[in-house]
Structures are given as C-alpha cells and as structure tokens.
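Okay, structure first, notes after.
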Amino acid sequence: MKKVLAGLFLTASFALASAQTISFDKTTHDYGTVKNGSDGHRMFVVKNTGDKPLIISKVQASCGCTTPEWSQDPIMPGKTAQIKVGYNTTIVGPFTKIIEVYSNDPVNSRSVINIKGNVEGAAAAATTATAIETKAEAKPMDASSRKLSKKAQAL
C-alpha cells in the first residue's frame, strides 16, 4: 500500500511540475499622482514559466472605472504577453483597484494584480499653482507699513 501511495504522489508531483505556470513582472502598478484626464493605461507583463501553453481565460476588474485588455492566444512556455489596464482618470481622488486574472495554471488559477494612485483635480492643480505664486510674491511688512495699517484700522 505504501508503494502505491508513493507512486501516486510521485506521479502527481511530475504532473504539476510539468504544467503551465503564470508569473508577473509586478503585481502592483503605482500611478503616483496624475492629472485629471491624463492617460490612465498601464501594462502588466505576464510570463509562462511552465512547459505547457498558458491560457488566460478571463481578466476582471473590481469596478467599471478600470478596463483590462488581453490576448486570448495561448502564451507558449518561456514567452510573455501583456495585460493592458486602463483607469478612468476623470475620477478625481485616490484609488486602489484589483484586477483578477483567471488562467489554466493548476496552482494559481486566479491571480490578483493591483493598480493604485491619486488623480489630481483641475481645481487642486490651480490652487497649488496659485499658492506657490502667492508665496513667491509675499514680502514682509516694514515698520512704516505696520504704522499705516494701525492708522487705517483706527479709521
């Protein structure tokens, strides 16, 4: 009985060792701070590190503001493909989104990649620029200006 179990275990080990395996160049893409309406597309590189063709069957974003695009062609052993992820940068504020990648990898049939960042609104950009300009133009008041200010306040 022990020999039979050992044989089954060894056969299963070889079956899993000689399969398709998904890996990513990175699992999180940080956009940093981007301007409202800027290009929200980023690429994730997927590699098949196994010895059988890898098939990505579905890529699903956590909400409608994120749109993934991918090829349904098999990724051959040792080869790479790209998943293009687009985020709607007209939505102002910080964001963190997950994208689920479903494949025929027997160990990782569902993988998760992430995007995060902050979309700066047009008003925020203008406010920041105005604050910088105001700070550069501001000058300290001299003694005569302070006296005049006190006289003006008395009126």
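In case it helps, mature numbering (1 follows the signal peptide of the UniProt record, and there is no 0) puts the sequence shown at residues -19 to -1, 1 to 136. Beta carbons are placed, not taken as given, at the ideal position from N, Cα and C, and that holds for glycine.
- Query: Does the pairing of the region 12 to 21 with the region 93 to 100 give three or more beta-carbon distances under 8 Å?
  - Reply: Yes: at least three Cβ pairs fall under 8 Å.
- Query: Can you tell which of Lys78, Gln63, Ser38 and Pro55 has its C-alpha closest to the C-alpha of Arg91?
  - Reply: Across the set Lys78, Gln63, Ser38 and Pro55, the C-alpha of Ser38 shows the shortest separation from the C-alpha of Arg91.
- Message: Counting C-beta neighbours from all protein chains within 10 Å, is the total for Ser19 16 or more, i.e. buried, or is it exposed?
- Response: Ser19 should be labelled exposed.
- Task: State the DSSP-derived secondary structure class of Ala(-1), mapped to helix, strand or coil.
- Result: Residue state for Ala(-1) is assigned as coil, using DSSP reduced to three classes.
- Can you give me the Cβ contacts of Ala42 inside the same chain, cut-off strictly under 6 Å, excluding the 5 residues immediately before and after it? The answer, listed in chain order, is Pro49 and Ile80.
- Message: Do Asn29 and Ile3 count as a contact pair if the criterion is CB distance below 8 Å?
- Response: Cβ atoms of Ile3 and Asn29: closer than 8 Å.
- Query: Taking buried to mean at least 16 other C-beta atoms within 10 Å of its own C-beta, is Ile56 buried or exposed?
  - Reply: Its Cβ being crowded by 16 or more others within 10 Å, Ile56 is buried.
- Who are the near neighbours of Lys60 in its chain, counting only those whose CB is closer than 8 Å to its CB and skipping five residues on each side? These residues qualify, in order along the chain: Lys28 and Asn29.
- Close beta carbons around Gly21, own chain, < 8 Å, minus the five adjacent residues each side: Contacts found: Tyr12, Val15, Gly67, Tyr68, Asn69 and Thr70.
- Using 10 angstroms around the beta-carbon of Gly74, count the other beta-carbons present and answer buried if the total reaches 16, otherwise exposed. Counting Cβ neighbours within 10 Å, Gly74 comes out exposed, since fewer than 16 surround it.
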